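Residue numbering for the sequence shown follows the working numbering, starting at 21 and increasing by one per position. Glycine included, C-beta positions come from ideal geometry on N, C-alpha and C. Bear in mind the structure is a predicted one, so any value in this text is a computation, not a measurement. Structure, as structure tokens:
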Amino acid sequence: MRALKTRIVLEREIKNCKRRLEKLIQLEKRSRKVWTKAYNLFLKAANQLVGLKVHHTKKEADLKKKIKDWPAETIRLTSERDAFRKQIEQAKDKLAKLGTKLATLKEQELNEVKNVNDIVTQVFELNATVVVASGAREDCLKRHVFPRLIDEHGNLRSQISFTSSDGLRRVIAMVNTMTIVHGDLASQAKLEIQGFFDRFQRVAKMDDTVKPLFDLTRQLLVEKTDFKVGPDLYRFLSMELDADIFPELSRAQTLLRQSIRSEKTSSYIRIYERDNRTSPWRPMAQS
Numbered sequence: 021m022r023a024l025k026t027r028i029v030l031e032r033e034i035k036n037c038k039r040r041l042e043k044l045i046q047l048e049k050r051s052r053k054v055w056t057k058a059y060n061l062f063l064k065a066a067n068q069l070v071g072l073k074v075h076h077t078k079k080e081a082d083l084k085k086k087i088k089d090w091p092a093e094t095i096r097l098t099s100e101r102d103a104f105r106k107q108i109e110q111a112k113d114k115l116a117k118l119g120t121k122l123a124t125l126k127e128q129e130l131n132e133v134k135n136v137n138d139i140v141t142q143v144f145e146l147n148a149t150v151v152v153a154s155g156a157r158e159d160c161l162k163r164h165v166f167p168r169l170i171d172e173h174g175n176l177r178s179q180i181s182f183t184s185s186d187g188l189r190r191v192i193a194m195v196n197t198m199t200i201v202h203g204d205l206a207s208q209a210k211l212e213i214q215g216f217f218d219r220f221q222r223v224a225k226m227d228d229t230v231k232p233l234f235d236l237t238r239q240l241l242v243e244k245t246d247f248k249v250g251p252d253l254y255r256f257l258s259m260e261l262d263a264d265i266f267p268e269l270s271r272a273q274t275l276l277r278q279s280i281r282s283e284k285t286s287s288y289i290r291i292y293e294r295d296n297r298t299s300p301w302r303p304m305a306q307s
């Protein structure tokens with residue numbers, strides 16, 4: 021944008037300079053015509069003075085004055101013409117310098133355009149290469165690596181590693197999992213917990229067995245809008261509950277255990293390299 025403004029200013033200056041140069045050329049041309057006309061009048065006056073038959077007249081005086089004034093007049097007219105010529109040379113010199121500046125600026129603009137085009141082309145080519153390579157990598161991972169995360173019993177491993185025969189390169193495939201609670205079963209469990217909560221809420225004093233359960237179920241029921249996988253939930257599920265004494269909580273445990281499952285969210289890899297078999301592994305950059 022700055023280069024564009026500079027170019028516009030230069031082009032405007034060049035246009036004004038050309039206009040001034042044309043005007044100076046016309047003024048110089050006119051000054052030459054004025055000198056030529058004055059010179060011709062001087063020659064005419066000289067010839068007329070030579071041919072006069074009657075002397076001491078007004079005409080003779082006028083002719084003599086024209087001849088006498090000519091040296092000063094020619095100096096004045098010549099100086100005026102030379103001044104215009106000097107201004108013309110200065111204008112031409114300025115115009116040439118402005119032209120050089122403009123040519124240099126245009127060359128810079130062309131180079132910048134070329135550089136920008138080269139950058140865009142290179143980025144697009146690199147991006148295309150990355151996309152192709154990424155696609156090929158994902159296809160390889162899906163075909164040959166990620167299927168091995170499932171063991172012979174059909175269970176999902178958290179990770180599996182592949183090490184080159186020379187022991188210098190390693191690929192570790194991993195899987196992210198998310199533990200979620202099935203909504204329908206969790207809702208039934210909440211009803212059972214609510215039943216336990218309602219039953220013991222009316223008790224004036226709770227014994228040491230009931231009080232912790234009451235507090236925990238209140239924590240689960242009141243402070244959580246939905247069951248959230250976390251310490252409180254796992255603590256509740258790990259408790260040994262007497263189904264005869266706490267039938268609601270026992271049923272809630274069963275329902276919650278049935279509702280919890282792990283789902284695979286994404287698979288990914290990490291690659292490592294080392295200098296020899298005894299040196300530590302170095303993580304490699306990945307796109």
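Residues bridged to residue 194 (per DSSP)
By 1-based counting over the sequence shown, the position of residue 194 is 174. Answer is 179, 288, bridged to residue 194.
Less than 8 Å separating the beta-carbons of residue 326 and residue 161?
With the chain covering 21 to 307 only, the question about residue 326 has no answer from this structure.
Given residue 82 as reference, the closest of 64, 96, 95 once Cα atoms are compared
Within the sequence shown, residue 82 is the residue found at index 62, counting from 1. Of the candidates 64, 96, 95, the one whose C-alpha sits nearest the C-alpha of residue 82 is 64.
Assuming residue 216 contacts residue 266 (C-beta within less than 8 Å), just tell me the rounded distance between them.
Counting from 1 along the sequence shown, the entry for residue 216 is found at position 196. Counting from 1 along the sequence shown, the entry for residue 266 is found at position 246. That belief holds up - the Cβ atoms of residue 216 and residue 266 are roughly 7 Å apart, short of 8 Å.
Which one of 209, 94, 271, 152 has the shortest CA to CA distance from residue 54?
Locating residue 54 in the sequence shown gives position 34, where the first residue counts as 1. The shortest C-alpha separation from residue 54 is found at 94.
Can the beta-carbon of residue 263 be found closer than 8 Å to that of residue 212?
Numbered from 1 along the sequence shown, position 243 holds the residue referred to as residue 263. Numbered from 1 along the sequence shown, position 192 holds the residue referred to as residue 212. Against a cut-off of 8 Å, the Cβ pair of residue 212 and residue 263 comes out as no contact.
The region 48 to 62 in contact with the region 27 to 34 per 3-pair CB rule at 8 Å:
no
Going by DSSP, what residue range makes up the alpha helix (DSSP H) through residue 72?
Counting from one through the sequence shown, the residue named residue 72 turns up at place 52. It is not in any alpha helix (DSSP H) - residue 72 carries neither H nor E in the DSSP assignment.
One question on the structure: do residue 19 and residue 72 come within less than 8 Å of each other, judged by their Cβ atoms?
Because the chain in this structure spans residues 21 to 307, residue 19 falls outside the shown range and cannot be described.
Counted within 10 angstroms of its Cβ, other Cβ atoms place residue 193 as buried (16 or more) or exposed
By one-based count along the sequence shown, residue 193 stands at place 173. That one is buried.
So, does the region 31 to 51 touch the region 129 to 144, judging by three or more C-beta pairs under 8 Å?
no
In the structure shown, what three-state DSSP assignment does residue 35 receive?
Walking along the sequence shown from the start, residue 35 turns up at place 15. Three-state DSSP puts residue 35 in a helix.
Using CA atoms only, rank isn't needed, just tell me which of 114, 293, 131, 96 is closest to residue 189.
Within the sequence shown, residue 189 is the residue found at index 169, counting from 1. Checking every option, the nearest Cα to that of residue 189 belongs to 293.
What's the gap between the Cα of residue 277 and the Cα of residue 256?
Locating residue 277 in the sequence shown gives position 257, where the first residue counts as 1. Locating residue 256 in the sequence shown gives position 236, where the first residue counts as 1. Spanning the two alpha carbons is a distance of roughly 10 Å.
Is it right to say residue 48 is buried, meaning 16 or more other beta carbons lie within 10 angstroms of its own, or is it exposed?
As a working mapping, residue 48 is identified with position 28 in the sequence shown. Buried is the call here.
Between the C-alpha atoms of residue 91 and residue 98, what's the straight-line distance to the nearest angstrom?
For the purposes of this step, residue 91 is taken as the residue at position 71 of the sequence shown. For the purposes of this step, residue 98 is taken as the residue at position 78 of the sequence shown. Near 10 Å, if we compare the C-alpha coordinates of residue 98 and residue 91.
According to DSSP, residues forming a beta bridge with residue 129:
Walking along the sequence shown from the start, residue 129 turns up at place 109. Note: residue 129 sits in no beta bridge, so no partner.
Own chain partners of residue 86 with C-beta closer than 6 Å, once the 5 adjacent residues on each side are dropped:
By 1-based counting over the sequence shown, the position of residue 86 is 66. Within the same chain, residue 86 has close Cβ partners 65.
Tell me whether residue 185 is buried or exposed, calling it buried when 16 or more other Cβ atoms sit within 10 Å of its Cβ.
The count along the sequence shown starts at 1 and reaches residue 185 at position 165. With fewer than 16 Cβ atoms within 10 Å of its Cβ, residue 185 is classed as exposed.
Just curious, the alpha helix (DSSP H) that residue 271 is in, first and last residue?
Residue mapping note: residue 271 aligns to position 251 of the sequence shown, counting from 1. Going by DSSP, residue 271 is part of the alpha helix (DSSP H) stretching over 267 to 279.
Residue(s) in a DSSP beta bridge with residue 170:
As a working mapping, residue 170 is identified with position 150 in the sequence shown. Paired residues: 176.
For residue 260, which of helix, strand or coil comes out of DSSP?
Residue numbering aside, residue 260 sits at position 240 when the sequence shown is read from its first letter. Looking at residue 260 - three-state DSSP - the assignment turns out to be coil, as it is neither helix nor strand.
Among 298, 25, 295, 287, which residue has its Cα nearest to the Cα of residue 157?
As a working mapping, residue 157 is identified with position 137 in the sequence shown. Answer by Cα proximity: 287.
Taking just the CA atoms, how far does residue 120 sit from residue 155?
Here residue 155 corresponds to residue number 135 of the sequence shown, with the count starting at 1. Here residue 120 corresponds to residue number 100 of the sequence shown, with the count starting at 1. So the two alpha carbons sit approximately 52 Å from each other.
Assign residue 111 to one of two classes, buried (16 or more other C-beta atoms within 10 Å of its C-beta) or exposed (fewer than that).
Working through the sequence shown from its first residue, we reach residue 111 at position 91. Flag for residue 111 reads buried.
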